[in-house]
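Using the numbering used here, the first residue of the sequence shown is number 1, and each one after it goes up by one.
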Amino acid sequence: IEKPKPPLEAVAKGADKKIRAHTIRRASCIESGHDKFDEKVTEFLNLIGEANMVGIHSISYEVFDVGTQKVMADYGLVIIYRG
1 IEKPKPPLEA VAKGADKKIR AHTIRRASCI ESGHDKFDEK VTEFLNLIGE ANMVGIHSIS
61 YEVFDVGTQK VMADYGLVII YRG
């Protein structure tokens, strides 16, 4: 006995896609001293498409910077989407 396949209308609307999460931290978007956070977020949002986006949530976190020996506050986004 197999699970019935979803109707074609549901597949077209994205019913067969699972809910996923993707985290983008600003610190991981620094390239050659330039902040590419906005470009990386825009690129990912264009990749998944507006129809598949469920939500965007901002995060803030702290990380220990070895170079300065200080705890640095940073930010990022958690993007919930169907994919």
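C-beta: ideal position from N, C-alpha, C; glycine also.
If only complete runs of 4 or more residues are kept, the region 8–56 shows the alpha helix (DSSP H) at 8–12 and 37–48, in order along the chain. Ranked by how close their Cα comes to the Cα of Ala73, the residues Ala27, Ile80, Ile79 and Val41 have Ala27 in first place. For Val78, the uninterrupted beta strand (DSSP E) segment begins and ends at Lys70 to Arg82. Beyond the five residues adjoining it in sequence on each side, Lys70 comes within less than 8 Å, by CB distance, of Phe64 in the same chain, given in chain order. Between Ala21 and Val54, the alpha-carbon positions lie close to 10 Å from each other.
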